[in-house]
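Student: Protein chains in written order, with the working numbering: chain B, 1 to 365; chain Z, 1 to 365; chain D, 1 to 288; chain E, 1 to 369; chain V, 1 to 281.
Just so you know, even glycine gets a beta-carbon here, dropped at the ideal spot from N, CA and C.
The structure under discussion is supplied below as C-alpha cells; questions concerning it will follow.
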Amino acid sequence: MSSVRLEHLMKTFGDTVAVDDVSLTVEEGEFFSLLGPSGCGKSTTLRLIGGFEDPTSGAVYLGDRDVRALPPYKRDVNTVFQSYALFPHLDVFENVAYGLKRRKVPKEEMRSRVGDALRLVDLDGFDRRRTHQLSGGQQQRVALARALVNKPSVLLLDEPLGALDLKLRKQMQLELKRIQNEVGITFIYVTHDQEEAMTMSDRMGVMNRGRLEQVGRPQEVYELPATAFVASFLGASNLLEGEVDSADPPLAKVRLAAGATIALPAERLPVARGAVQIGVRPEKLTISASGKDERADLNTIEATVTLSTYVGVSTMYECRTADGATVIVYVQNLGAPEDAPSQGQKVRLGWSPEHTFAVEPRGRS
Amino acid sequence: MSSVRLEHLMKTFGDTVAVDDVSLTVEEGEFFSLLGPSGCGKSTTLRLIGGFEDPTSGAVYLGDRDVRALPPYKRDVNTVFQSYALFPHLDVFENVAYGLKRRKVPKEEMRSRVGDALRLVDLDGFDRRRTHQLSGGQQQRVALARALVNKPSVLLLDEPLGALDLKLRKQMQLELKRIQNEVGITFIYVTHDQEEAMTMSDRMGVMNRGRLEQVGRPQEVYELPATAFVASFLGASNLLEGEVDSADPPLAKVRLAAGATIALPAERLPVARGAVQIGVRPEKLTISASGKDERADLNTIEATVTLSTYVGVSTMYECRTADGATVIVYVQNLGAPEDAPSQGQKVRLGWSPEHTFAVEPRGRS
Amino acid sequence: MSATAAPQKPRARDRAPAPPRTKRRGRWLGLYSKAVIAYLFLPIAVMILFGFNDPKGRFNYTFQGFTLRYYSPSELLAFPELNEAMRHSLIVMGISALAATTFGTLIALALTRYRFRGRGAFNLFLFLPMATPEITMGSALLALFVTLNVSRGLTTIVIAHIMFSISYVVVTVKARTATLDRHLEDAAADLGADPWTTFRTVTFPLIRPAILAGALLAAVLSFDDYVITLFNKGAVDTVPTWIAGATRIGVPVQVNVLGTLVFMVGVVYVVINLIRTRGEGTPAIAPR
Amino acid sequence: GIRGEAERNRTEENGAAQDPDYTTDEITGTLNFANWPLYIDRAKGKRPTIDDFEKSSDIQVNYQEVIEDNESFFGTIREPLANDQQIEWDLIVVTDWLIAKMARLGYLEQLDHSRLPNFEQNAGEVYKDPTYDPGNAHSIPWQSGITGIGYDPKRTGREITSFEDLFDPAFAGKVGMFTEMRDTMNLTLLGLGVDPQEATVEDAERAQQKLLEQREAGIVREYYGNEYADALIRGDVWITMAWSGDIFQLQFDDPDLQFVVPDEGGILWVDNMAIPQNAAHPIDALEFMNFVYDPEVAAQITAWVNYICPVPAAQDILAQAKDNYTQQVAQSPLVFPTPEMEARLHSYKTLEEDEEEAWNDLFNQVIQG
Amino acid sequence: MRRGRLVPFLLSLPGAIWLLVFFALPMATMLSVSFQEGSLEEGYRFTGTATNYTDAVTKYDFILWRSLLFGLIVTALTLVISYPLAYWIAFRGGRRKNLYLLLILLPFFTPYLIRTLSWKFILADSGFLLGTLKDVGILDEGFRVLATPIAVISGMTYNFLPFMALPLYVALERIDGRFLEAAQDLYSSRRETFLRVTLPLSLPGVFAGSLLTFIPAVGDYIDPEYLGGVNTTMIGQVIQREFLTSNDYPEGAAISFLLMAGILVGVFLYARALGTEEMTG
Ligand SMILES: Nc1ncnc2c1ncn2[C@@H]1O[C@H](COP(=O)(O)OP(=O)(O)OP(=O)(O)O)[C@@H](O)[C@H]1O
Ligand SMILES: Nc1ncnc2c1ncn2[C@@H]1O[C@H](COP(=O)(O)OP(=O)(O)OP(=O)(O)O)[C@@H](O)[C@H]1O
Ligand SMILES: [Mg+2]
Ligand SMILES: [Mg+2]
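Right, here's the structure in full:
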C-alpha cells in the first residue's frame, strides 16, 4: 500500500511557484529522499504533506485517504522542521516529551522513551537545558528526537542533519536507517547532500524549480541521470556537446564537438538524432599520459590538465578539452604520487561506454 | 602582523565549559577554519571574537589591540550568524544594505554594492522579499551577503554554507575564496564539513570539548593527526591497537594486537615505548584477495569483508580483523565490478608505511 | 612577537573582568525606571499618609495629627456599605477582567493569525469602544437595559465592564501575537496537539506576558471606572461611585485605609516574590 | 399662583397616562430608600434612625447610598421613568430644582399630606409651600444648606461681606466659583441686585457678562464641584463660593475659616424627599417621611449630618446634649441659621424648560472657554 | 475549505457578539439620537436633522482641537517616559518581569478620586513641593501648577502611563537578542541599534500603546475636571455636561460621534505614518 501519494500538487505564493505539478508515490516503509537546490520547493512539499500549507491545487493522500481536509494534528505524520521550531518556553525534556504527552503516554513510559530518544541523539544529560542554551547542532538533534520519539507512520525530515558534523551525521544516518528498519515507518527526507540521499534512500527524487525532475533508486539516478540538471546536481558531472552519429543498438555513437566519437548503450539516448549532451562521472575517468596505451573498448578524449587540487581522499583534476569544455577527474590518492599528472600536462581521459549517459541539451537552466 | 589573537580564552556557562583555554593566532589575510563536532565551542569562540560574549578569562586581540573593552560595533569584524539573525522588519535589500548605511556609504555605491552581493549569492531579484518568504538556504545566503558586503578586515563565518546544496556550496566556496584573495580579509570559518575546511583553508584548527586539539595546514592535520580524536573526526579513520616494538629511525615497528607488525616513520611515534594506536586512512588501503601478490614494502593485515556499500564515487568496505577491530576501506568505482570483493570474503589490506600515523591511545573521550 | 610575550602576562590580568559595558548603562536605566515607579507611587504615599490622619471635622484634607484609630476594626467597619462597595468592585473586576481577557485574546488571535473577510472592518470596529466617550456609552447601554427591561445591578455592571475592556485587551495582545513565530504552532500541531491544546501548551505560554498585561489593564479599567458604572449599577455601588457620592459630605478616612490595605496586599505579594527571585532580577535591586 | 396653575395643568394633561392613585394604599412592610452616601446618622456601623424606624413601624428599610449627585442620578432614572416604568426606589432624596423638574415631567407621585402630620406640625416655616414645589405637593425637605461665600481671613487679610469681593482683582487666581449652574447664576443675579424669582433671560445674560468678565480678568482660578473645600483649606483659593455645611466641617480643622451670606443675599437650597412615579411602596415611604419630622429623630440626624435641619425644635434638643461636638452643632448658625441670615436667603429660580436651556447655554459659555 | 475559514469567526464570536449587543446596538440608537430634535419635556423625535452636528462644530471646534492637542501631547509624554521603563523591564527584568508590571499597575488599584486628591495635595500652591520651592525663591510667589494645562496634561500622563507602558513592554519583551547582536555586528552603536532595530521591532507596541493612550485621553473628562482650571476644558467635559446638566442628549450624542470620527481619522493617519498596519494586523 502506498504510504504517501501526491497528485499534481501545486503551491504558489503570489508570483512564486514553489511546488509545480508534483506527482509522487512513496511506499510504506520506504526511505524516500527529496534532493534539490536551495529554494527548489523541498520544504514546501513537506509542509504540504504535513498539512501546514494548503495546496493551490492537486491532492495529498496518506494511505488511501485524501487528507486535504485534515488538519496537521490529525495526520499521523511527524516533522523535523528545518528551522527546528523548538518550543522556547520548554526545556529539552519537555520538548521531546511534548508529542507523547499529547497522546497520554503513561509517565513512566514517557520518561524512558524520552531518555532513549535523547540518548539516540547523543544529548544525555541535557534534559533540563533551555533551548537557547544549546548550540546549533544540539538544537537540531533535539528537533530530531522530538519527532522520532513519536514513531509515526510517516516521518518528514527537513534537512535533519544539516547542522551536524560529518562524524555525528554518519552516526545519525545509521541510527535513522536502523530506526526506520526497526519500526518500519516511512521516511520522507529532505536533504541537500546527495551523498546522504544516496547512501540512505531506497528511492529519491530530484527537484528543481518546484518540479520533480527524476525519481528512482539512488544508483539509477546517479548513474543514469535523466536531465542535464540531475546530472550536474548529483556531484560534478562532465557534460560534453555532441551530435548523434548512429543510434543503433547495442552501442550508439555520438560525435563530440571536440572531435572524438563516443560509444554508449543505445537505449540511453534521449533522442534518435540531433544534438545531445553525453556525460560521464569524474570518478569513472582514468587519466593517463597522452599517447600511452589505448584500449579500444574505452571512450577516450584528449585534454590538458589545468588544475589539480588535493581533497583528502582523492585528488581532483580539472582538464580542458580541445573545444574548451572542462572535464573534471577524481583520482583516489592511493599513494603513488610520482606518476600523478602535473598542471599543464597533456593527458588522455578514458572511460567505459557502460559509464556513459546522454541527456537532452539544456533547454532552460 | 597577526590579525586575530586569542590568549588562554575561556568561557563557561554555569557548569558548562564552552571554550577551554584556547590560544590561537590567525595571520592577516589568512583563511582559518575551525572544525569540530556539534557543541564543541566553535560558535562560542566566534562570539567571543565578535564581542557578543565576555570571556570568563583570557584575552582577545584584533591586530595588536586588546578588544575586551570594545563593544561589537566598534570591532572591525563582521559575522555571519549560524541562525542567520536576519532583521524581520527589513526586506532582503535593506538587510544587506544595513551595514553600509551605518557607515554612510553613498546611495549610489550602496545600491551597486548590495546588488553585487546579492548577485554573488545568487539572489538576484529577491531584493524586495521579506525574510520570512525565503527558504532556509535563501536566508542563509542573505546572511552571507549582509556580512560580505561590508568587506571588514576580519570576517567570522559560522557554518555559512550549511543549508546549501553541494553545487551551490561548491560555487560559494570558490566565491568566498576569490573574495578573500581579492580583498585580502581574514576569514575565520566555522564548519563541520571537513572537506570544506580542507579545500578552503590555509590553516585549520580542530576543536573538541572546548579545547583546540590541533592546528595546522589541512593536509598536515589530515595526514598526520595529532590525537585519536582528530584522526577519527577528519573522515573515517582506522585505528588499531598496538605496542611499540622498536622506535628506531627511519622506520619504527609496531606490533598490532591482531598480530601483524606495522612499519611507520619513527618520528611519528608519540611515545617511544608502550601502547599506541596506529592509524591509516580508508582510501589509502588497497584491498585484494587473501593470498595474492604481497609487496614487502607495504604494511598488510588480513581481514574479512563484513559489509560493502555503494556510495557513488566509491564503494565502502567494512572489514573485520582477527582481533575484531573494524577497518574501513574506500575503493573508487573505476568500473571493474567483476573483481570487487564480496561480503564474507577473506581479504588482505595493504598500505604504505608513509601513510601510517600513530597517536596516543584515547585517554578521555 | 607578542604571541610569546602574552602567556607571561600576569594571571590577574586575564581574570580582570571584562569592562562592564552593558552594566553601567543598565544601571542608569534601572535608576531611571525605579524613579518612574517611585513617581507612580507618589500619590499613593499621600493616600497612605492620610490614612493615619486624625481630622477633627469630616474632611480629610489637611494633616491634623497622627492616629492609628482608623485601623481599628470598629472604625474600619464603621461604613459597611464602603466595604460592600469594595467587595462589589473586586467581584466586578475579577469577572470582567477574566471575561474581557478571554474574549479579547481570542479576537486578537483571530485578527492576527487568519485573514478573513471583514477583518479590516472588524479591526476598525474594535477601536470604537475606546473612542466613545464614557458617558455616551454608559447612557446608551442604560437605554438598552431599560428597553429590554433588565434590572440594573452587579450583572449589568459586569456586562458593561466586559464591553469596554475587550478592545484594550485586543490591542495589547495583538502587539505580541502579530509577530509570533508560526512555526512553533505548526510544530505543536505536528506533534498531535489539537488547536486548543496548541493554544494551551504553546501559544498561551508564549503570549502570556501580553495576556497578563491585557488582564491587568482590564482590571484597572474596571476598578477605576466611574461613569459607565454609574449608569448601569442600579442599587449597587462600587468604590468609585460610593466615594463620588461621599465627597459631598466628606470622604471618610476609612477610604484611605481601605485603599492602603488593598495596596498593601499587592505590595506584600510583590515583596514576597522579589525575595523569592533574589538575584535573578537586575543586579541593582538584588542585594549584593 | 402662576406656578401652581402650571403645575395643575400638567398634571391634568398627563392624567390619563399617569395613575393618579398610588400603586397600593397599604403599608407593605418594605421601603426602598435611595439616599446620598453619609447623609444619615451613623453609629458603630449602623444607622440608628433607620433601625428606630424599622422597630417602631415593622417596615424593612432597604437603605442604599446610591446617589452621587443630582444630575447623574437623574440621568440613570430618567430612561425608565420616561418609559413609565417602575424604578427600584420608593423614596429618593434630591435637590429642590430637580424636584421641580421631575414634578414638571410627571416623574413624582403626589404626597398624601394626611399621612404627614409631623411635617405640618414641626417643619420650619421657610420649608413650607416653597416656590419649587408649591404646597409641598411632591416633596418635603430632608436637609438643606446655604450657598454663600467661604474665605480664609488669614489670606484675604480682611473681612468679606459682599458678593463683589469675589471679583476683587487683588484675589486674582485665588477665587473659586461653582460648576453648579443654579448656584452660580442665582448668586450672581443676587449680586446684581436681581431677585432670582423675577429674573428674565436678559438678567441672566447680564449675570453671564459679569461672570465672563471675572473669568477674562483671570480672577477665577477654577470652577469647582465639591473639591473647592479642599482648595480653600489648602490655600489654593482664598475666597470662594461655598456651601455652609462644608465650611462648618472645615472649621474643625481651621477655625479661622469663615462663611458669610453676602449682603446682596444668599441661596437656601433644600434636599427633598420624594416618591418616584409608580413606586411600589408609597405608603411606607410616607410613613418614613412622617417619622423623620419627629424632632427627636430630626435632631439625631442633624447631630451627625450637620446640615441645616428643617425642624427648628431639634436645636433645643441638641442644645441639651452633653458632648462638645453636639453643642457646637446646636450653636452654629451654619446648622441653625439666625433669623437675620434667613432673611437674606432666597431660593433658586424655578426654571421652565426653555429657560433652563437658555441659562445652561449661557453658563456653559462661562465655564467652557 | 478546511481549517481557517471558520476558525477566526468562531474565535471572534463571543467577543464580537458581546460588542454587537452591548456596544454596537446601543450606539446605533445613540446615533439616531444624534439626529433627533426636541426637548426633555416634549420628548426627542427623529427628524434626521444635522443641526446638532453643525451646532457642535461651531460651538466646540476650539475645545475639540484642544482635546486632540492635549491627547497628542499626553501620548508623546507617556511614550517618552515609559519606553525606557518598559525597555528596562523587558530586557533586564529577568524573572521579575511580571512583578514589575504589577508594580506599575498597583497604584491604579486605588480610587482615582483619592489619587487626584493626592496630586492636589502634592501640587498645592503652597504645598510641600511648590511651597518649598517658593520659600527658597526658585519659584515666583504667583506660580501655580494646579488649574493650568500643565496640571491637566501631567495628570493624564500619570493616569495613562500604564496604558502605554504595558503594550510597549509586551512588544519589547519578545525581541530576540540575536537581532540586536546582528545590528551591533553591522557597526550600529547602541543608539543606532536602538533606532534601527529595537525601535522598529517594537513598533507594534508603540502603536498599541499610542492607541490605548491617545484615544481615551482625547475623551477624558476626569483630569481636566479635577486638575484643570478655566482654560483647560476638554471635549469630554462638554459631552458630560450636555448629557447630565443640559439633558441635551442629541447634542451630546452628536459631539460624541464627531469626537469618535476625529479619533478614527487620527488613528488611521497614525497607522499610515507608522506603517504598522501590516504588523498589527
Ligand atoms: N547560553 C548558553 N548557556 C549554557 N550553555 C551554552 C550556552 N551557549 C552555548 N552553550 C553550550 O556551550 C557548548 C558550546 O556551544 P557552541 O554553540 O559554541 O557549540 P558549536 O561548536 O557552535 O556547536 P554546533 O556545531 O552544534 O553549532 C555547548 O555544549 C552548548 O550547549
Ligand atoms: N511564505 C512564502 N512567501 C513567498 N515565497 C515563499 C514563501 N515560502 C517559500 N517561498 C518561496 O518558495 C520557494 C520554495 O521554498 P522552499 O522553502 O520550499 O525551498 P527549499 O527547497 O526548502 O529550499 P532550502 O533548501 O533553501 O530550504 C523559494 O523560492 C521561496 O523563496
Ligand atoms: Mg527548506
Ligand atoms: Mg554553533
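Going by DSSP, which residues form a beta bridge with Gln194/Z?
Tutor: Answer by DSSP bridge pairing: none, since Gln194/Z is not bridged.
Student: Which chain V residues are close to Lys56/D, counting only those with a beta carbon under 9 Å from its beta carbon?
Tutor: What Lys56/D touches in chain V: nothing, since even the nearest Cβ is about 18 Å away.
Student: Got a sec: does ligand 1 put a non-hydrogen atom nearer than 6 Å to the Cβ of Ser202/V?
Tutor: Ser202/V: no, Cβ never under 6 Å from ligand 1.
Student: I want to see whether chain E comes within less than 7 Å of Leu77/D, judged by CB atoms only; does it?
Tutor: Closer than 7 Å: yes.
Student: So for Asn136/E, helix, strand or coil by DSSP?
Tutor: Asn136/E falls in the helix class under three-state DSSP.
Student: Name, please, each residue of chain V whose Cβ falls closer than 9 Å to the Cβ of Gly50/Z.
Tutor: The contacting residues are Glu181, Gln184 and Asp185.
Student: Give the DSSP-derived three-state secondary structure of Thr338/E in the structure shown.
Tutor: Residue state, collapsed to three classes: coil.
Student: At which residues does the beta strand (DSSP E) containing Asn32/E begin and terminate?
Tutor: Start and end: Thr30 to Ala34.
Student: Going by beta carbon distance, what residues of the same chain come within less than 7 Å of Asp294/E, once the five residues before and after it are set aside?
Tutor: For Asp294/E, where only same-chain residues beyond five positions count, the Cβ hits under 7 Å are Asn118.
Student: Helix, strand or coil for Ile207/D, going by three-state DSSP, please let me know.
Tutor: Three-state DSSP puts Ile207/D in a helix.
Student: Quick one: what does DSSP say Gly51/Z is sitting in, helix, strand or coil?
Tutor: DSSP places Gly51/Z in coil when its eight states are reduced to three.
Student: Can you pull the chain B neighbours of Asp194/D, defined as C-beta to C-beta under 9 Å?
Tutor: Correct list: Pro71, Tyr73, Lys74 and Arg102.
Student: Note down the Cα distance separating Thr44/B from Glu241/B, rounded to an integer number of angstroms.
Tutor: Distance between the alpha carbons of Thr44/B and Glu241/B: 35 Å.
Student: Enumerate in chain order the residues of its own chain whose CB-to-CB distance from Val96/Z is below 6 Å, with the five nearest sequence positions on each side excluded.
Tutor: For Val96/Z, where only same-chain residues beyond five positions count, the Cβ hits under 6 Å are Val114, Ala117, Ala145, Arg146 and Val149.
Student: Just checking Ala18/B against ligand 2 - is the residue's beta carbon closer than 6 Å to any of the ligand's heavy atoms?
Tutor: Answer for Ala18/B: yes, Cβ within range of ligand 2.
Student: Thinking C-alpha only, which one of Glu264/E, Val261/E, Glu227/E and Gly266/E is nearest Leu250/E?
Tutor: When only C-alpha atoms are compared, the closest one is Glu227/E.
Student: Ligand 2 and Ser33/B: does any heavy atom of the ligand fall closer than 6 Å to the residue's C-beta?
Tutor: False, no ligand heavy atom lies under 6 Å from that Cβ.
Student: Scan the region 224-235 of chain E for residues whose Cβ lies nearer than 7 Å to a Cβ of chain D and list them as they occur along the chain.
Tutor: Going along the region 224-235 of chain E in chain order, one finds Asn226, Ala229, Asp230, Ile233 and Arg234 with a Cβ nearer than 7 Å to chain D.
Student: By DSSP, does Gln258/E sit in helix, in strand, or in coil?
Tutor: Here Gln258/E sits in strand by DSSP.
Student: Please tell me whether Leu68/D has its Cβ less than 7 Å away from any Cβ of chain V.
Tutor: It does not: the Cβ of Leu68/D has no partner Cβ on chain V nearer than 7 Å.
Student: Taking DSSP as the reference, what is the three-state secondary structure of Ser342/B?
Tutor: In the structure shown, Ser342/B sits in coil (DSSP, three-state: anything other than H, G, I, E or B).
Student: Is Phe233/Z near ligand 1 - that is, is its Cβ less than 6 Å away from at least one heavy atom of it?
Tutor: No - ligand 1 has no heavy atom lying nearer than 6 Å to the Cβ of Phe233/Z.
Student: Would you kindly check if the distance between the Cβ of Trp243/E and the Cβ of Gly145/E is under 7 Å?
Tutor: Cβ atoms of Gly145/E and Trp243/E: closer than 7 Å.
Student: Determine, for Ser43/B, whether the minimum Cβ-Cβ distance to residues of chain A falls below 7 Å.
Tutor: The question asks about chain A, but that chain is absent: this structure's protein chains are B, Z, D, E and V.
Student: Which residues does DSSP pair with Phe40/Z in a beta bridge?
Tutor: The residue asked about is misnamed: residue 40/Z is Cys in this sequence, not Phe. Bridge partners of Cys40/Z: none, in fact.
Student: Please list the segments of the beta strand (DSSP E) lying wholly inside the region 97-159 of chain Z, counting only runs of 3 or more residues, in order along the chain.
Tutor: You should have 154-158.
Student: Only counting the same chain, and skipping five residues up and downstream in sequence, which positions put a Cβ closer than 7 Å to that of Leu195/V?
Tutor: If we look at Leu195/V and ignore the five residues flanking it on each side, it has no Cβ neighbours.
Student: Under 7 Å Cβ to Cβ from Leu129/V, same chain only, skipping five residues before and after it: list those, please.
Tutor: If we look at Leu129/V and ignore the five residues flanking it on each side, its Cβ neighbours are Ile122 and Leu123.
Student: Taking any heavy atom of ligand 6 as the mark, which residues have a C-beta closer than 7 Å to it, listed down the chain?
Tutor: The ligand content of the structure shown is limited to ligand 1, ligand 2, ligand 3 and ligand 4, which means ligand 6 is not among them.
Student: Tyr98/B and Asp289/D - do their beta-carbons sit closer together than 7 Å?
Tutor: A query on residue 289/D cannot be resolved here, the shown segment of chain D reaching from 1 to 288 and no further.
Student: Applying the criterion that 16 or more other CB atoms from any shown protein chain within 10 Å of the CB defines a buried residue, is Ala69/B buried or exposed?
Tutor: By the 10 Å Cβ count, Ala69/B comes out exposed.
Student: Give the interface partners of Phe252/E over in chain D, defined as CB-CB distance under 9 Å, in chain order.
Tutor: Those within 9 Å of Phe252/E in chain D are Pro55, Lys56, Gly57, Arg58, Phe59 and Gln64.
Student: Is there contact between the region 24-43 of chain E and the region 59-78 of chain E, where contact requires at least three CB pairs shorter than 8 Å?
Tutor: Verdict: yes, contact present.
Student: For a contact defined as C-beta to C-beta under 8 Å, what are the partners of Arg115/V on chain D?
Tutor: Within chain D, the residues near Arg115/V are Pro43, Ile44 and Met47.
Student: With DSSP as the reference, label Lys11/B as helix, strand or coil.
Tutor: Residue state, collapsed to three classes: strand.
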